[in-house]
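Chemist:
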Amino acid sequence: MINLLLAPTPFRHLISQILGYISIFFSVIVTVPQIVENYNNKSGESVSEALLWIWVVGDFLNFIGSAMQGLIFTAVLIASYFVLTSFIIIFQTYYYRIYYVNKQKINHSRQDTETEVLIESSVSGSYGTYGSSSSSTTPNIVKNPSKDVKQSTPETVSKGYKLVNMSLVLLVLGTVTYLIYYFVFIEKSFMKTTFDSEELQFWPQLFGYLSAFLYAISRVPQIMKNYYNKSCEGLSLLMFIFTVMSNLTYVASFFADSTDMKDVIVALPWILGGVISPFLDFVIFYQFYIYKKVVPAEPNNTEN
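Per our numbering, the sequence shown runs over residues 395 to 698.
(1) Could you tell me the alpha carbon to alpha carbon distance between E627 and S440, rounded to whole angstroms?
(2) So what's D654 in DSSP terms, helix, strand or just coil?
(3) Would you say the stretch 669-677 touches the stretch 421-435, given that touching needs at least three Cβ pairs under 8 angstroms?
(4) The alpha helix (DSSP H) that contains P443, what's its start and end?
(5) Identify, in the order they occur along the chain, each residue of the same chain with its Cβ nearer than 6 angstroms to the Cβ of Y609, setting aside the five sequence neighbours on each side.
(6) Please report the distance separating the alpha-carbon of S612 from that of W447.
(7) If you draw a straight line from the C-alpha of R491 to the C-alpha of S437, how long is it?
(8) Under 7 angstroms Cβ to Cβ from N435, same chain only, skipping five residues before and after it: list those, please.
(9) Count the CB pairs spanning the stretch 649-667 and the stretch 417-426 that are closer than 8 angstroms, and state whether there are at least three.
(10) Residues in the same chain with beta-carbon distance under 8 angstroms from V450, minus the five sequence neighbours each way, listed in chain order, please.
(11) With a 10 Å radius around its C-beta and 16 neighbouring C-beta atoms as the bar for buried, classify K624 as buried or exposed.
(12) S647 and L413: beta carbons closer than 8 angstroms?
(13) Measure the alpha-carbon distance for V677 versus W597 and round it to whole angstroms.
(14) Would L594 be called buried (16 or more neighbouring beta carbons within 10 Å of its own) or exposed?
(15) Confirm, please, whether the CB-CB distance from T643 to I416 is below 8 angstroms.
(16) Excluding sequence positions up to five away, which residues of its chain have a Cβ less than 8 angstroms from the Cβ of L600?
(17) Roughly how far, in whole angstroms, is the beta-carbon of L455 from the beta-carbon of L674, given that I think they are within contact range, below 8 angstroms?
(18) Going by beta carbon distance, what residues of the same chain come within less than 6 angstroms of F457, once the five residues before and after it are set aside?
(19) Taking a contact to mean a Cβ-Cβ separation below 8 angstroms, would you say F679 touches F634 in this structure?
(20) Closest to I617 by CA distance: which of Q411, S410 and A444 is it?
(21) Would you grab the beta carbon distance between P631 and F682 for me? Rounded to a whole angstrom, and I think it's under 8 angstroms.
(22) Please list the terminal residues of the continuous alpha helix (DSSP H) segment that includes G414.
(23) Below 7 angstroms CB to CB, which residues in the same chain sit around A650 once its five sequence neighbours on both sides are set aside?
(24) Quick check on V684: buried or exposed, where buried means 16 or more other Cβ atoms within 10 Å of its Cβ?
(25) Give the secondary structure of Y493 by DSSP, where H, G and I count as helix, E and B as strand, and everything else as coil.
(26) Just the Cα atoms here: how many angstroms apart are G602 and Y493?
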């Protein structure tokens, strides 16, 4: 009876696939909150640079190891997507740290130069036509800088929420489509052939354990950065919530597929990577709690 419960079955594989696709859903949106946060702040200073690069190396090793070891399809798909999203957020971070900052400096210097020219012309013009030049140029001085003022952080936030809602709809549609495909087109005899336990392979296992180690230590630079700054400002809490949800469903997809010890040992590096990381994420959650801004109470101006 116990062996029957532990043995892989087509139904368990179906549950594993569903959990895997839920993990993919969280993986798809995991970086969206931080990308929106960086866009609103026009800054990439809040995220630890070491965290991002450790993520990239860990994601790359995770992808190679999971593909070489022949893990379940969703595990390989998640690993490949992690590589992509890591590079996206790194690109955005360096864009705001280097290119955007330099661009802003150039724009400000141009504005300062234009303002000085306008002031000089208004001053010199006032001697010639007594007040007419100053009245005509003053509006230009006030108007010019306002062209570069960007409104609308609420609009960008609403776009982020729309993207999350759209992803949720796609998740539901994808799950329903997969269920229909599974019950209509996939034969059980075919499903059984996919459960043959893989042999332990040195290089995939090595890459898997290295990626698990990198994922475990990747949070440390961010934790230290938050500690030294005594702040989590500019860091998206949702990104870490989605990361935890992605990791938990990722690990659950392995155990839903098989709890046979031989299969668990084969997938152990990736299971460890998904289990250890959330513990450090909870440290960051605690930092969000202790470093949150305390809004001072407004003074009571009512007369006695």
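We treat Cβ as the ideally placed atom computed from N, Cα and C, and that holds for glycine. Here the structure is a predicted model, which means the values were calculated and not measured.
Modeler: Reading off the structure:
(1) Stepping through the sequence shown from its first residue, residue 627 is reached at position 233. Stepping through the sequence shown from its first residue, residue 440 is reached at position 46. So the alpha carbons of these two residues sit roughly 7 angstroms apart.
(2) To locate residue 654, count along the sequence shown from 1; it is residue 260. Here D654 sits in coil by DSSP.
(3) no
(4) Position 49 of the sequence shown, counted from the first residue, corresponds to residue 443. Contrary to the premise, residue 443 reads as Glu rather than Pro in this sequence. First-last of the alpha helix (DSSP H) with E443: E443 to Q463.
(5) In the sequence shown, the residue the question calls residue 609 occupies position 215. Contacts found: G452, G667 and S671.
(6) Start at 1 with the first residue of the sequence shown, and residue 612 comes out as number 218. Start at 1 with the first residue of the sequence shown, and residue 447 comes out as number 53. Each residue's alpha carbon lies about 9 angstroms from the other.
(7) Residue 491 sits at position 97 when you count from the first residue of the sequence shown. Residue 437 sits at position 43 when you count from the first residue of the sequence shown. Answer to the nearest angstrom: the Cα atoms are 7 angstroms apart.
(8) Within the sequence shown, numbered from 1, the residue matching residue 435 stands at position 41. Closer than 7 angstroms at Cβ, skipping near neighbours: G628.
(9) no
(10) As a working note, residue 450 is residue 56 in the sequence shown. Around V450: V477, S480, F481 and I484.
(11) Position 230 of the sequence shown holds residue 624. Per the 10 Å Cβ criterion, exposed.
(12) Within the sequence shown, residue 647 is the residue found at index 253, counting from 1. Within the sequence shown, residue 413 is the residue found at index 19, counting from 1. It is a contact, given that the beta carbons lie within the stated cut-off.
(13) Here residue 677 refers to the residue found at position 283 of the sequence shown. Here residue 597 refers to the residue found at position 203 of the sequence shown. Within the model, the alpha-carbon separation for V677 versus W597 is close to 32 angstroms.
(14) The count along the sequence shown starts at 1 and reaches residue 594 at position 200. Its Cβ having fewer than 16 others within 10 Å, L594 is exposed.
(15) The residue given as residue 416 occupies position 22 in the sequence shown. The residue given as residue 643 occupies position 249 in the sequence shown. Result yes, Cβ atoms of I416 and T643 sit closer than 8 angstroms.
(16) In the sequence shown, counting from the first residue as 1, residue 600 sits at position 206. Within the same chain, G459 come within 8 angstroms of L600 by CB-CB distance, once the 5 residues on both sides are set aside.
(17) The residue labelled residue 455 in the question sits at position 61 within the sequence shown. The residue labelled residue 674 in the question sits at position 280 within the sequence shown. Wrong, their Cβ atoms sit about 18 angstroms apart, outside the cutoff.
(18) Counted from its first residue, the sequence shown places residue 457 at position 63. Once the five neighbours on either side are set aside, the close Cβ partners of F457 are A473, S474 and V477.
(19) Taking the sequence shown and counting its residues from 1, the one referred to as residue 679 is at position 285. Taking the sequence shown and counting its residues from 1, the one referred to as residue 634 is at position 240. Against a cut-off of 8 angstroms, the Cβ pair of F634 and F679 comes out as a contact.
(20) Counting from one through the sequence shown, the residue named residue 617 turns up at place 223. I617 has its Cα closest to that of A444, out of Q411, S410 and A444.
(21) As a first step, residue 631 is located in the sequence shown; it is residue number 237 there, counting from the start. As a first step, residue 682 is located in the sequence shown; it is residue number 288 there, counting from the start. Inspection of the sequence shows that residue 631 is occupied by Leu rather than by Pro. At roughly 5 angstroms, the Cβ-Cβ gap stays under 8 angstroms, so L631 and F682 are in contact.
(22) Position 20 of the sequence shown holds residue 414. Taken as a continuous stretch (DSSP letters only), the alpha helix (DSSP H) holding G414 covers P404 to I423.
(23) In the sequence shown, the residue the question calls residue 650 occupies position 256. Within the same chain, A650 has close Cβ partners R406, I409, S410 and L413.
(24) Walking along the sequence shown from the start, residue 684 turns up at place 290. Reading the sequence as shown, one finds Ile at residue 684 and not Val. Looking at its Cβ environment, which holds fewer than 16 other Cβ atoms inside 10 Å, I684 is exposed.
(25) The residue you call residue 493 lines up with position 99 of the sequence shown. If DSSP states are grouped into helix, strand and coil, Y493 belongs with the helices.
(26) Translated into the one-based positions of the sequence shown, residue 602 becomes position 208. Translated into the one-based positions of the sequence shown, residue 493 becomes position 99. When rounded, the distance between both Cα atoms is 35 angstroms.
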